[in-house]
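Using the numbering used here, the first residue of the sequence shown is number 2, and each one after it goes up by one.
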Amino acid sequence: MKALWIAVGDLRRMFRARANIFFVFIFPMLLILVLGATFGGSGSARLGVVSSDSGPLGTALVRQLQRTPHLQVVPVTGAAALLTQVERGNVEAGIAIPPGYDGAVRAGHPVMVRYLARPDQSSQQLGETVRGAVARQAALLGAARFAVAERSAPSFGAALARAEQVSPRVPAVSVTETTAGTALFPSSLGQFDEGAWSQLLLFLFLIALTGAAAIIETRRLGVARRMLATPTSPGTVIAGATLGRVLIACVQALVIILGSALFFGVRWGQPAGVAAVVILYACAGAGAGVLVGTLFRNESQAAGVTLLLGLGLGALGGCMVPLEIFPPTMRRIAHLTPQAWGNDAFNKLVGHGASITGILPQLGALALFAAVLLALAAWRLRRVLVA
């Protein structure tokens with residue numbers, strides 16, 4: 002019971018500092034928002050469209066684009082505004098259907114539909130989608146002109162209406178898409194999902210490492226020695242200090258998980274699996290924080306080391322760049338960190354819908370990290386306290 006009260010005291014001291022509330026709870030949520038908005042897969046490319054006074058055929062072309070899967074058509078007021086939207090990245094690309102498009106096409110005159118995009122691969126792929134939509138309309142127009150030339154229809158309008166009526170019954174080319182091996186990023190992965198779990202792992206370890214400064218402060222102020230002067234064993238002090246860091250990390254994890262689910266729609270998967278990963282990972286981080294706190298004499302030294310250690314291990318373990326794009330050798334090296342095993346576990350839970358039984362290897366690795374780090378931390382802290 003004394004160990005629990007020591008842990009609760011650490012939690013209360015953390016909440017007294019307003020800066021801690023920002024960096025522990027608010028800052029991770031802001032990073033999730035930025036990463037998801039910048040790098041997350043929204044599933045739909047945005048295409049800006051200018052179609053003022055283009056007539057019925059221009060409207061039909063816009064509708065054809067709107068029916069294209071995974072394409073979001075964004076109306077834009079003019080060519081200059083479209084150029085600005087593309088330059089700023091508000092849309093991936095844009096097309097400008099000129100005024101009088103309908104009349105020029107019906108008269109058989111060539112018409113230029115401008116396509117604006119940045120020179121990257123995604124814009125080139127989107128360009129093929131736009132060309133496909135234009136080609137489908139061109140095929141209908143060609144069929145209508147052929148019918149008029151062969152006098153199979155009284156007018157171009159009647160021939161075009163007949164071509165649109167017959168077009169759905171024309172056999173189309175059948176395309177079967179298969180994925181060889183395992184997809185790097187599951188199609189069910191949401192825009193903010195990977196950013197949420199990677200930032201959770203990054204900040205949980207960082208906040209747990211701040212236990213180093215708390216341990217040093219406790220020693221410097223003589224709090225630990227005064228506790229030992231009471232009927233309190235060194236084991237109770239060690240358990241309380243360690244449990245305090247675990248408790249703070251779990252509170253932070255709960256806020257991030259609930260906040261990301263509420264504001265960003267992140268689906269975390271099976272609660273039992275998520276809880277197991279968070280608790281074991283928090284124990285590993287707490288062990289690392291207490292261990293570092295026994296190796297230095299002042300908070301300034303510990304602060305620099307814990308920041309470097311937390312960010313370095315986070316980068317190596319896939320919290321800043323997904324492990325899926327690591328070369329095989331780097332991926333094996335990355336799994337010398339608990340962050341990599343945590344990323345693997347959440348990838349299965351969130352990305353592939355696995356249950357707790359599907360992440361047993363990852364839980365075993367995290368349990369090993371936690372056991373080793375907690376044992377080393379307890380051994381070093383006992384030596385420091387009773388020295």
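No residue lacks a Cβ here, since even glycine has one placed at the ideal position from N, Cα and C.
| Query | Result |
| --- | --- |
| In whole angstroms, what separates the C-alpha of Arg47 from that of Arg64? | 15 Å |
| What would DSSP say about Val275, mapped onto helix, strand or coil? | helix |
| Whole-angstrom Cβ separation of Val87 and Ala94, contact assumed at under 8 Å? | 6 Å |
| Where do the N-terminal and C-terminal ends of the alpha helix (DSSP H) with Val63 fall, by residue? | 56 to 67 |
| Does the distance from the CB of Ala335 to the CB of Leu324 come in under 9 Å? | yes |
| On a Cα-Cα basis, can you pick out the residue from Thr78, Gly352, Ala287 that is closest to Gly214? | Position check: residue 214 holds Ala in this sequence, whereas Gly was assumed. Per the Cα distances, Ala287. |
| If you drop the 5 nearest sequence neighbours on each side, which residues of the same chain put their C-beta closer than 6 Å to that of Pro29? | Gln200, Phe204, Ile257 |
| Are the segment 348 to 360 and the segment 267 to 275 touching by the rule of at least three beta carbon pairs closer than 8 Å? | yes |
| Might you give, ordered along the chain, the residues of its own chain that have their beta carbon closer than 8 Å to the beta carbon of Val278, omitting 5 neighbours on each side? | Gly343, Ala346, Phe347, Leu350, Ile360, Gln363, Leu364, Leu367 |
| Since Ser55 contacts Pro99 with CB under 8 Å, what's their CB separation in whole angstroms? | 7 Å |
| Counting along the chain, where does the alpha helix (DSSP H) carrying Val106 start and finish? | 102 to 107 |
| Once you ignore the five residues that flank Pro57 on each side, which residues in its own chain have a CB closer than 7 Å to its CB? | Asp103 |
| Which residue from Ala304, Glu165, Gly101 puts its Cα closest to that of Ala148? | Glu165 |
| Could you please give me the residues that DSSP links to Arg115 through a beta bridge? | Ala97 |
| Can you tell which of Arg107, Arg246, Val322 has the C-alpha that lies nearest to the C-alpha of Leu281? | Arg246 |
| Residues bridged to Pro76 by DSSP? | Val50 |
| Work out the CA separation of Ile22 and Val252 for me, nearest whole Å. | 11 Å |
| When you compare only the Cα positions, how much space is there between Ile249 and Ile216? | 14 Å |
| Just to confirm before moving on: does the CB-CB distance between Gly311 and Leu382 stay below 9 Å? | no |
| Have a look at Val167 and Asn91 and give me their C-alpha separation to the nearest angstrom. | 38 Å |
| Can you list, in chain order, the residues of its chain whose CB lies under 6 Å from that of Thr243, leaving out five sequence neighbours each side? | Ala287, Val291 |
| Measure the alpha-carbon distance for Gln192 versus Gly266 and round it to whole angstroms. | 9 Å |
| Starting from the C-beta of Leu84, find all residues in its chain whose C-beta is less than 7 Å away, skip the five residues before and the five after it, and write them out in chain order. | Leu117 |
| Given this structure, state the Cα-to-Cα distance separating Arg137 from Ile33, to the nearest angstrom. | 40 Å |
| Do Val77 and Val106 have their beta-carbon atoms positioned less than 9 Å apart in this structure? | no |
| Which residue from Leu210, Ala372, Gly79 puts its Cα closest to that of Ala304? | Leu210 |
| Counting along the chain, where does the alpha helix (DSSP H) carrying Trp198 start and finish? | 194 to 210 |
| Is Gln166 near the ligand FAD - that is, is its Cβ less than 8 Å away from at least one heavy atom of it? | Ligands displayed in this structure: none; no statement on the ligand FAD is therefore possible. |
| Going by DSSP in three states, Met321 sits in which element: helix, strand or coil? | coil |
| Would you mind sorting Val35 into buried or exposed? The rule is 16 or more other CB atoms within 10 Å of its CB. | exposed |
| Smallest Cα separation from Ala145: which of Pro111, Thr307, Arg163, Val131? | Arg163 |
| May I have the straight-line CA-CA distance separating Gln340 from Gly212, to the nearest angstrom? | 18 Å |
| DSSP three-state label for Phe297, please. | coil |
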